Amino acid sequence: MNLHPEWSNSAVVYEMNVRQMTAEGTFKAAVGKLEFLRDLGIDVVWLMPVYPIGEINRKGSLGSYYSIRNYTEINPEFGTMADFDEFVSAAHKLGMKVLLDWVANHTSRDAVWIKQHPDRYEHDAEGEPAVPWDWTDTAKLDYKNREVWTAEAEAMEFWVREHAVDGFRCDMAMLMPIEFWNETSERLHRLKPDIFMLAEAEETNLFDRPAFDACYGWEMFHLLNDVAQQKARVTALRDFMYANMKRYPKTAMRLAFTSNHDENSWNGTEYARMGDAAEVMSAFTFVVPGGLPLIYTGQEYGYNHAFKFFDRDPMPEMGINLTTCRYRRLCKMRHDNPALASGDRGGDTFEIRNNAEDCLMILVRETKMNRVIAIMNMSPYRIHADYYTGIYAGMYLDALTGEEYEYRGHIEEDMEPWSYRLLVRQE
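Below, the structure written as structure tokens:
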């Protein structure tokens, strides 16, 4: 049960921050960006929460997306339900899917459920709805009450049945019982067999049944930052990659990213965290085994700005630039090469051994008819690479330039810090 939708195997996901993506910060304005995203190579648009935001203990001028007052209404900041439907319809016409961000752990402190169904919440010593961690604008739902399970599932079904969404990115999914996700996933699949479920968590039991198609790759993300900052060498990333392949089922997809809404706002952009390594790290997310690449709002332009989280902070109008072209080529590489598909649809993984393995990773992904080789100096050092390509020698295309490249039997070359080359070959 819950085989991945066919469309997801080679997908690239785009996380859309509607509040900040355009000057207007509305669905109507965002519709105008969809054709650009389609041409970039985006297959799936994940919308940050679209629901009305609570006012009690509201943070900033507009509040947190993740403090939800009503699960089945639209935040008027973004427009109307008709505007939302127009957005989904426009995405579908362009061949893209739409995922909603789903926050099942908590609601706002003035959510409609608080008055109507107070027993759906955990309560503190004073009898007030409990506050999870320091999220003072939220109220913790009580999953010991099976009514919560039913109400959450029914609300998710509403968006699939009435508004044609294609799946959900499930916030902090590890905080709910896995049995809840299993049951809810079954209900959603009965309604829409090709529903797609992404967990913001990375526990292995997410795939036991499975409840989810994909989960976050948080540990890998932190390793990419550590390697970029030289708190770790590429050997640690290599060890993680192989351990990760054994830890999860071969069918599991892992969201691979160098930024997202949390990291961008609270820890800075990929350039602030990774510096000159940001580009090679983004390339790695497109070739890592089991990876489901993610591009966050602004990354497609190389926009080096940490968005305010609770206030309007719109991205300026930007034109296509070198970063845009690079992401377009990375997306095309993923689409054109079955060896890079996610889950069990992708190719086998090998490495070409070399003389500088504490800096240089040469990753091979291949099927019988397709091969991708990623040659990545994941270090701040200029290295002299010396190795034999063996059975992988031959003529390739450079995925970023489109030019032919002879991958000779014996390679001896200098590589600049954080430099890389992506080679593709169809048999």
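Once you know that position 225 of the sequence shown is 293 in my numbering, the rest is easy, because the numbers rise by one and skip nothing.
Ideal Cβ positions, reconstructed from N, Cα and C, are used throughout, including at glycine.
Since we're looking at a predicted model, the values are computed, not measured.
{"Query": "Please determine if the segment 302-320 and the segment 383-396 are in contact, where contact requires at least 3 C-beta pairs separated by less than 8 Å.", "Result": "no"}
{"Query": "Under three-state DSSP, which class holds I479?", "Result": "strand"}
{"Query": "Out of A345, G458, I479, V86, point me to the one whose CA is closest to L115's CA.", "Result": "V86"}
{"Query": "Please determine, among D153, L162, V156, S157, the residue with the shortest C-alpha to C-alpha distance to D107.", "Result": "L162"}
{"Query": "Looking at C-alpha atoms only, which residue of Y119, D151, P200 is the closest neighbour of W170?", "Result": "Y119"}
{"Query": "Under a Cβ-count criterion, where at least 16 other Cβ atoms within 10 Å of its own Cβ denotes burial, should V492 be classed as buried or exposed?", "Result": "buried"}
{"Query": "Restricting to Cα atoms, I'd like to know which of N143, D111, V166, R126 is closest to S176.", "Result": "R126"}
{"Query": "State the DSSP-derived secondary structure class of N70, mapped to helix, strand or coil.", "Result": "Annotation note: pLDDT 42 at N70 (below 50); position unreliable, no value reported."}
{"Query": "Report, in whole angstroms, the separation of the C-beta atoms of L326 and T353, which I expect to be a contact under 8 Å.", "Result": "Checking the sequence, you will find Thr at residue 326 rather than Leu. Sure, about 6 Å apart at Cβ, within 8 Å."}
{"Query": "Per DSSP, N445 is paired with what?", "Result": "L428"}
{"Query": "If you draw a straight line from the alpha carbon of M321 to that of P357, how long is it in whole angstroms?", "Result": "9 Å"}
{"Query": "Within 10 Å of its beta-carbon, does Q494 have 16 or more other beta-carbons around it, so buried, or fewer, so exposed?", "Result": "exposed"}
{"Query": "Assign M224 to one of two classes, buried (16 or more other C-beta atoms within 10 Å of its C-beta) or exposed (fewer than that).", "Result": "buried"}
{"Query": "Flag this pair as yes or no: are the beta carbons of D416 and E434 separated by less than 7 Å?", "Result": "yes"}
{"Query": "Assuming L168 contacts F236 under a Cβ cut-off of 8 Å, what Cβ separation, rounded to an integer in Å, is found between them?", "Result": "5 Å"}
{"Query": "Alpha carbon to alpha carbon, what distance is there between I121 and S135?", "Result": "6 Å"}
{"Query": "Nearest-angstrom Cα distance between F264 and P73?", "Result": "7 Å"}
{"Query": "Assuming A453 and M483 make a contact with CB atoms under 8 Å, what is their CB distance in whole Å?", "Result": "5 Å"}
{"Query": "How should C283 be labelled, buried or exposed, when 16 other C-beta atoms within 10 angstroms of its C-beta is the threshold for buried?", "Result": "buried"}
{"Query": "With 16 other CB atoms within 10 Å as the buried threshold, where does F226 fall?", "Result": "exposed"}
{"Query": "Going by other Cβ atoms of all chains shown within 10 Å of its Cβ, with 16 needed for buried, is I388 buried or exposed?", "Result": "exposed"}
{"Query": "For H373, I'd like the list of residues in its chain whose CB is within less than 7 Å of its CB, leaving aside the five on either flank, ordered along the chain.", "Result": "T337, G366"}
{"Query": "Might you give, ordered along the chain, the residues of its own chain that have their beta carbon closer than 8 Å to the beta carbon of M69, omitting 5 neighbours on each side?", "Result": "Confidence at M69 is low in this model, with a pLDDT of 41, below 50, so its placement is unreliable and the value that follows should be read with caution. Answer for M69: E254, H257, R277, listed in chain order."}
{"Query": "Taking the runs of the alpha helix (DSSP H) that are 4 residues or longer, which of them lie wholly in the segment 283-337?", "Result": "286-296, 302-315, 329-335"}
{"Query": "By the 10 Å Cβ neighbour count, where 16 or more other Cβ atoms means buried, how is A98 classified, buried or exposed?", "Result": "buried"}
{"Query": "Quick check on M463: buried or exposed, where buried means 16 or more other Cβ atoms within 10 Å of its Cβ?", "Result": "exposed"}
{"Query": "With a threshold of 16 other CB atoms inside 10 Å of the CB of R402, please say whether the residue is buried or exposed.", "Result": "buried"}
{"Query": "Could you give the first and the last residue of the continuous alpha helix (DSSP H) run that contains E154?", "Result": "149-161"}
{"Query": "On the CB-based measure, 16 or more other CB atoms within 10 Å of its CB, does P186 come out buried or exposed?", "Result": "exposed"}
{"Query": "Give the secondary structure of E484 by DSSP, where H, G and I count as helix, E and B as strand, and everything else as coil.", "Result": "coil"}
{"Query": "For R397 and W181, what's the separation of their Cα atoms in angstroms?", "Result": "47 Å"}
{"Query": "Please go through the segment 181-242 and give each complete beta strand (DSSP E) segment of 3 or more residues, from N-terminal end onward.", "Result": "206-208, 235-238"}
{"Query": "Going by DSSP in three states, S176 sits in which element: helix, strand or coil?", "Result": "strand"}
{"Query": "What residues in its chain sit with their C-beta under 7 Å from that of Y456, if we drop five residues either side in the sequence?", "Result": "G477, H478"}
{"Query": "What separation, rounded to the nearest whole angstrom, lies between the Cα atoms of K212 and Y339?", "Result": "43 Å"}
{"Query": "Going straight from the alpha carbon of Y395 to that of A179, what length do you get?", "Result": "40 Å"}
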